[in-house]
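In this note's numbering, the protein residues as written are 66 to 277. Glycine is no exception: its CB is placed at the ideal position from the N, C-alpha and C atoms. Predicted, not measured: the structure shown is a model, and the values here were computed from it.
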Amino acid sequence: MNLRPSLPWLAVTLAAALIAMYLACRLMKISDSAVAAAVFAGVMVMAALRTNAQFWQRSENRSGTSSARDAMRANVFLIGLAFFWCGLAFYAIYLGTHVRWQHGWEYGTACMIFAAAYAYYFTRLANPSDKFAQSPALDRMAKIAGYQAMLIGIGLVWLIASGKLAITHKGDWAANQLFLAGGFAVMCTNVFLIKTNAALCAETSTKKTSAR
């Protein structure tokens, strides 16, 4: 699975969304900031859907060949990118504007740590012989993705139900927008990752059975 053709438009749109959210927060345009965050989430979900959808059909109906490792690597890249974008947004907003919230830099750092962890895993997956690139490890990662998606889903339900997204004078409104947008993007990508890994594993099992 090759993400390179999508990288230019992905980089441009994500940079534009980040700049737009920063400027909106700088001008205290809360609604505009929410729109910019939504654009980020929409772009990431579309990229993940476009990346994974080709594997949800029969192998003879799609072009090219990719392994479960290649698919996992592409999805890991997208999830890491989502965390990285959110980390940059936290820093830009809470260190570069008049919006103040005492935990802004903490969550920004947490996002960067997650991004670094996914970047490390991404590099390990580049080597087909690496233990992290073997089928058992990929299956474990798919399970972890499932747990992560469920936890994020629960968190998003709580965020919406608690009224945290209401416009207030507290400075956490931008953080809540990032939690919603970033969480939704990562959750969806994890769901797509699970479905793709299951499809490719089933396909591999079928081929092995037919070869006997």
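(request) Please classify L204: does DSSP put it in a helix, a strand, or coil? (result) Reading the sequence as shown, one finds Asp at residue 204 and not Leu. Helix, per DSSP.
(message) Quick check on DSSP: helix, strand or coil for I217?
(response) DSSP places I217 in helix when its eight states are reduced to three.
(request) Rank A267, I95, A231 and A112 by C-alpha distance to the C-alpha of S71 and give the top, closest one. (result) A112
(message) Does Y185 pass the burial test, meaning 16 or more other C-beta atoms within 10 Å, or should it be called exposed?
(response) Exposed is the label assigned to Y185, since fewer than 16 other Cβ atoms lie within 10 Å of its Cβ.
(message) Judging by CA-CA distance, which residue of G236, A250, E268 and G218 is the nearest neighbour of G145?
(response) A250
(request) Assign Y172 to buried or exposed, taking buried as 16 or more other Cβ atoms, counted over all protein chains shown, within 10 Å of its Cβ. (result) buried
(message) Can you give me the C-alpha to C-alpha distance between N192 and A89, rounded to a whole angstrom?
(response) Those two C-alpha atoms are separated by around 42 Å.
(request) Assign D195 to one of two classes, buried (16 or more other C-beta atoms within 10 Å of its C-beta) or exposed (fewer than that). (result) exposed
(request) Classify A231 as buried or exposed, calling it buried when 16 or more other Cβ atoms lie within 10 Å of its own Cβ. (result) exposed
(message) According to DSSP, simplified to helix, strand and coil, what is I259?
(response) In this structure, I259 counts as helix in the three-state DSSP scheme.
(request) Please state if the CB of A102 and the CB of Q199 are separated by a distance shorter than 7 Å. (result) no
(request) Please classify A239: is it buried, with 16 or more other beta-carbons within 10 angstroms of its beta-carbon, or exposed? (result) buried
(request) With DSSP as the reference, label S128 as helix, strand or coil. (result) Any reading at S128 must be qualified, since the residue scores a pLDDT of 48, below 50, and its modelled position is unreliable; the value itself is stated next. Coil, per DSSP.
(message) Is the beta carbon of F148 closer than 7 Å to that of C176?
(response) yes
(message) Assuming G228 is part of the alpha helix (DSSP H), what are its boundary residues?
(response) G228 -> no alpha helix (DSSP H), and no H or E assigned at all.
(request) Measure the alpha-carbon distance for N140 versus T116 and round it to whole angstroms. (result) 8 Å
(message) On the CB-based measure, 16 or more other CB atoms within 10 Å of its CB, does R69 come out buried or exposed?
(response) exposed
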